[in-house]
Amino acid sequence: MFYRVNNALDTVILRPAAQAYRFVVPGRVRTGIHNVLTNLGTPVQLGNDVLSGKPRRAGDTTMRFLINTTVGALGFFDVATDWGYPIHDADFGLTLANWGAGEGPFLFLPVLGPTNPRDASGFGVDTVSDPFFWLGQGAPVKALDWSRFAVNAVDKRERALDAVDQIKKTALDPYATFRSLYRQHRESQIEELKNDNRATVPVWFPQPAAAK
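Just so you know, numbering that gives the first Met the number 0 puts the end of the sequence shown at 211, numbered straight through with nothing missing.
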């Protein structure tokens with residue numbers, strides 16, 4: 000049932016919005032907007048790095064925020080990756096998994112899309128622990144909060160446009176395909192987190208990453 004509701008909302012609202020966003024906004028600008036949104040999420044990411052007991056990841060996240068907020072023009076340009084601080088995944092769902100929490104049954108929730116009880120709960124914790132969520136009061140601030148949420152949703156949907164269209168067009172059972180891909184993706188993120196056993200002292204000034 001939730002999958003049908005989500006699919007209907009996606010068909011009527013999210014997919015058209017993502018298509019319009021892709022059509023109107025040039026690719027480099029979309030990348031910059033995505034980078035800004037990622038940079039705004041850095042405080043929550045840092046908190047999860049610490050809670051997961053990964054000081055090197057926390058050091059990388061701190062340096063990414065400092066570099067991209069300053070040299071990267073408030074995060075529009077991802078300078079930190081070129082300087083040796085690549086982005087990594089961190090959210091409270093991953094933190095819970097690192098602590099040993101099971102994923103529970105697969106869910107397909109409106110707006111959130113594919114998830115599970117652990118990751119849905121993690122999303123809620125990440126939302127209320129975001130300092131920007133508590134920053135300031137009044138209608139203008141709340142309008143900015145909702146605008147950020149909306150742009151985040153459209154950005155995420157635009158980046159998945161081609162993949163989702165292909166699944167819906169070719170998969171015999173799109174729901175089962177989404178479930179399988181989501182679980183594989185999260186398992187990959189969890190394994191990457193658990194296997195990151197670098198030395199505990201952050202390397203604050205590594206050699207710049209080799210140009211690709």
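Note that the Cβ used here is the ideal one computed from N, Cα and C, for glycine as well.
Owing to the predicted nature of the structure, the values given are computational and were not obtained by experimental measurement.
Counting only runs that start and end within the region 131 to 155, where is the alpha helix (DSSP H) found for 4 or more residues in a row?
none
Separation of PHE91 from ARG117, as counted between CA atoms:
If you number the sequence shown from 1, residue 117 lands on position 118. If you number the sequence shown from 1, residue 91 lands on position 92. Their Cα atoms are separated by approximately 9 Å.
LEU45 by DSSP, collapsed to three states: which one?
By 1-based counting over the sequence shown, the position of residue 45 is 46. In this structure, LEU45 counts as helix in the three-state DSSP scheme.
Endpoints, alpha helix (DSSP H) assigned at THR30:
Here residue 30 refers to the residue found at position 31 of the sequence shown. Note, THR30: alpha helix (DSSP H), 26 to 39.
Does any CB atom of chain C fall closer than 7 Å to the CB of ASN151?
Among the protein chains of the structure shown there is no chain C, as only one such chain exists.
Inter-residue spacing [alpha-carbon to alpha-carbon] between LYS193 and TRP82:
Here the question's residue 193 lines up with position 194 in the sequence shown. Here the question's residue 82 lines up with position 83 in the sequence shown. About 24 Å.
Which residue's Cα is closest to the Cα of SER179: GLY137, ASN115, VAL150?
Stepping through the sequence shown from its first residue, residue 179 is reached at position 180. When only C-alpha atoms are compared, the closest one is ASN115.
Would you identify the three-state DSSP class for PHE105, choosing helix, strand or coil?
What you label residue 105 is simply residue 106 of the sequence shown in a count that begins at 1. If DSSP states are grouped into helix, strand and coil, PHE105 belongs with coil.
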